[in-house]
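Below is one structure, written out as structure tokens; the observations come after it.
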Amino acid sequence: RRQRQMCIRDSLYVHLAACADRLGDIAEAREWLSKAVAHIPAARVKELQGPNAGYLKDQVGRMEKEIEKRRAMLDREQNYLRRAASHLRTALVGSRLGGADVATAAYLTGEFFRRAGEFDLSLTWFAAARQLLARNRRGGREAAGGTDSEPDSILEQWIREAVERPDLLKANMPADEAAAAARVVGEPLADPRPSFIQRPLDKKPAAGGETEKVPAARPAVALADPPASCADLMSNLYKAVAAWRRNRDGHIPDSLKEMLDAGYLTDSSINLKDGKCRCPECAAEIRYRKGRFGDANDFLMFHVGRTSCGKTLFGDGTVR
Numbered sequence: 020r021r022q023r024q025m026c027i028r029d030s031l032y033v034h035l036a037a038c039a040d041r042l043g044d045i046a047e048a049r050e051w052l053s054k055a056v057a058h059i060p061a062a063r064v065k066e067l068q069g070p071n072a073g074y075l076k077d078q079v080g081r082m083e084k085e086i087e088k089r090r091a092m093l094d095r096e097q098n099y100l101r102r103a104a105s106h107l108r109t110a111l112v113g114s115r116l117g118g119a120d121v122a123t124a125a126y127l128t129g130e131f132f133r134r135a136g137e138f139d140l141s142l143t144w145f146a147a148a149r150q151l152l153a154r155n156r157r158g159g160r161e162a163a164g165g166t167d168s169e170p171d172s173i174l175e176q177w178i179r180e181a182v183e184r185p186d187l188l189k190a191n192m193p194a195d196e197a198a199a200a201a202r203v204v205g206e207p208l209a210d211p212r213p214s215f216i217q218r219p220l221d222k223k224p225a226a227g228g229e230t231e232k233v234p235a236a237r238p239a240v241a242l243a244d245p246p247a248s249c250a251d252l253m254s255n256l257y258k259a260v261a262a263w264r265r266n267r268d269g270h271i272p273d274s275l276k277e278m279l280d281a282g283y284l285t286d287s288s289i290n291l292k293d294g295k296c297r298c299p300e301c302a303a304e305i306r307y308r309k310g311r312f313g314d315a316n317d318f319l320m321f322h323v324g325r326t327s328c329g330k331t332l333f334g335d336g337t338v339r
């Protein structure tokens with residue numbers, strides 16, 4: 020029975036690897052396949068005797084072959100993605116796309132390179148795609164008389180999600196590739212990653228051959244941490260929302276969690292206790308609301324219930 024349970028677990032890991040592969044995370048797919056291999060009871064099954072021994076040996080053999088086939092598929096898929104990205108890149112750099120959507124082609128180049136594990140190249144073409152899309156939006160708004168409050172396109176949202184992944188946060192744009200992409204865009208490339216995100220600790224060789232940790236960059240938002248008053252806390256939130264909008268084409272964050280996860284805010288900067296933001300003066304819960312930024316008649320943060328403090332953060336940054 021235990022051997023059958025282990026085979027079932029192996030099958031689950033293989034299915035999870037397939038799911039990760041379809042989601043474009045080939046590295047995670049390989050991890051699931053490695054877990055499947057680690058749980059295959061090959062040595063135990065080999066020594067088994069009895070009526071079920073043949074069945075279990077066949078199951079283990081089929082599982083090992085399935086895992087090897089999946090690994091070969093991942094290798095082949097990465098190769099195909101790398102080739103597809105290279106062909107698209109060549110067409111972009113050589114201006115051979117004709118009337119095709121250049122921004123979409125640049126996005127696909129970045130996405131194919133990402134799935135192929137070429138993160139430095141991926142970051143470069145995501146940057147190019149982001150600037151091309153932003154230019155297209157500006158041109159469309161000017162023609163239609165629109166404003167900067169219009170929402171991001173789906174491609175812009177996908178790019179933002181991709182560049183905030185851990186593998187791309189650690190990537191660097193190669194100078195020669197950035198220069199080639201800049202010629203496609205028609206302007207120098209800007210790093211598409213939000214400047215406020217704290218980078219992981221880098222490492223550099225130290226004296227004696229050991230490894231020295233280099234502190235990560237601090238967030239670009241200057242916060243009162245911890246806030247001494249309710250006004251300080253609300254000011255922290257307002258600064259974080261303003262920085263978010265600067266880095267995300269005027270988009271307003273949906274929740275405090277988004278800003279915390281992205282590094283705009285820290286738990287202590289909003290006096291987070293037991294999962295709730297607490298007023299430093301009256302200890303009442305304070306909630307964030309996705310209001311209209313810049314509007315003096317709309318609000319972004321407020322106290323819950325009747326409190327001795329009762330302050331509210333309005334869209335123009337005033338606290339009253």
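Residues 20 to 339, numbered by this note's numbering, are exactly what the sequence shown covers, in order. Ideal placement from N, C-alpha and C gives every residue a C-beta, glycine not left out.
A103 versus K84, A124, L142, residue with shortest Cα-Cα distance: One-based indexing of the sequence shown puts residue 103 at position 84. That would be A124, whose Cα lies nearest to the Cα of A103.
Coil, strand or helix - L242 by DSSP: Here residue 242 refers to the residue found at position 223 of the sequence shown. Collapsing the DSSP output to three states places L242 in coil.
Best match in D273, D335, D280, A281 for proximity to R306 [C-alpha to C-alpha]: Taking the sequence shown and counting its residues from 1, one reaches residue 306 at position 287. Closest by alpha carbon: D273.
Test item: CB-CB of A315 and D286 under 8 Å: For the purposes of this step, residue 315 is identified with residue 296 of the sequence shown, where counting begins at 1. For the purposes of this step, residue 286 is identified with residue 267 of the sequence shown, where counting begins at 1. D286 sits away from A315, with the two beta carbons spaced by 8 Å or more.
Per-residue burial, C38 [other beta carbons within 10 Å of its own, 16 or more giving buried]: Locating residue 38 in the sequence shown gives position 19, counting from the first residue. Within 10 angstroms of the beta-carbon of C38 lie fewer than 16 other beta-carbons, which makes it exposed.
Neighbour-count burial assignment, Y99, 16 or more Cβ in a 10 Å radius: Counting from one through the sequence shown, the residue named residue 99 turns up at place 80. Sixteen is the threshold: since fewer than 16 other Cβ atoms of the shown chains lie within 10 Å of the Cβ of Y99, the residue is exposed.
Three-state class that DSSP yields for I59 in the structure shown: Working through the sequence shown from its first residue, we reach residue 59 at position 40. Coil, per DSSP.
Limits of the beta strand (DSSP E) - the one that F321 falls within: Numbered from its first residue, the sequence shown carries residue 321 at position 302. Element bounds for F321: 318-322.
Coarse secondary structure for F131, derived from DSSP in three states: As a first step, residue 131 must be located in the sequence shown, where it is residue number 112. In this structure, F131 counts as helix in the three-state DSSP scheme.
H270 Cβ short of 7 Å to the ligand MG heavy atom set: The ligand MG is absent from the structure shown, which contains no ligands of any kind.
Cβ-based neighbour list, E196, same chain, cut-off 7 Å, excluding 5 preceding and 5 following: Counted from its first residue, the sequence shown places residue 196 at position 177. So the qualifying residues of the chain are L140, T143.
Reduced DSSP category for C38 - H, G, I as helix; E, B as strand; rest coil: Here residue 38 corresponds to residue number 19 of the sequence shown, with the count starting at 1. Correct three-state label for C38: helix.
Beta-bridge partners of F333, as assigned by DSSP: Working through the sequence shown from its first residue, we reach residue 333 at position 314. DSSP lists F318 as partners of F333.
Straight-line gap, Q217 to P70 (C-alpha atoms, nearest Å): Reading the sequence shown from its first residue, position 198 is the one you call residue 217. Reading the sequence shown from its first residue, position 51 is the one you call residue 70. Interpretation of Q217 is limited by its pLDDT of 40, a score under 50 that renders its predicted location unreliable; the figure taken from the coordinates is listed afterwards. Looking at the two C-alpha atoms, the distance is approximately 59 Å.
8 Å Cβ shell around V323 - same chain, five flanking residues per side excluded: Here residue 323 refers to the residue found at position 304 of the sequence shown. If we look at V323 and ignore the five residues flanking it on each side, its Cβ neighbours are A303, E304, I305, R306.
Cα-Cα separation, L116 to K84: Translated into positions along the sequence shown, residue 116 becomes position 97. Translated into positions along the sequence shown, residue 84 becomes position 65. Using only the alpha carbons, I get a separation of about 42 Å.
Own chain, CB closer than 7 Å to F312, minus 5 neighbours either side, in chain order: What you label residue 312 is simply residue 293 of the sequence shown in a count that begins at 1. Here the set comprises V260, R264, I271, G334.
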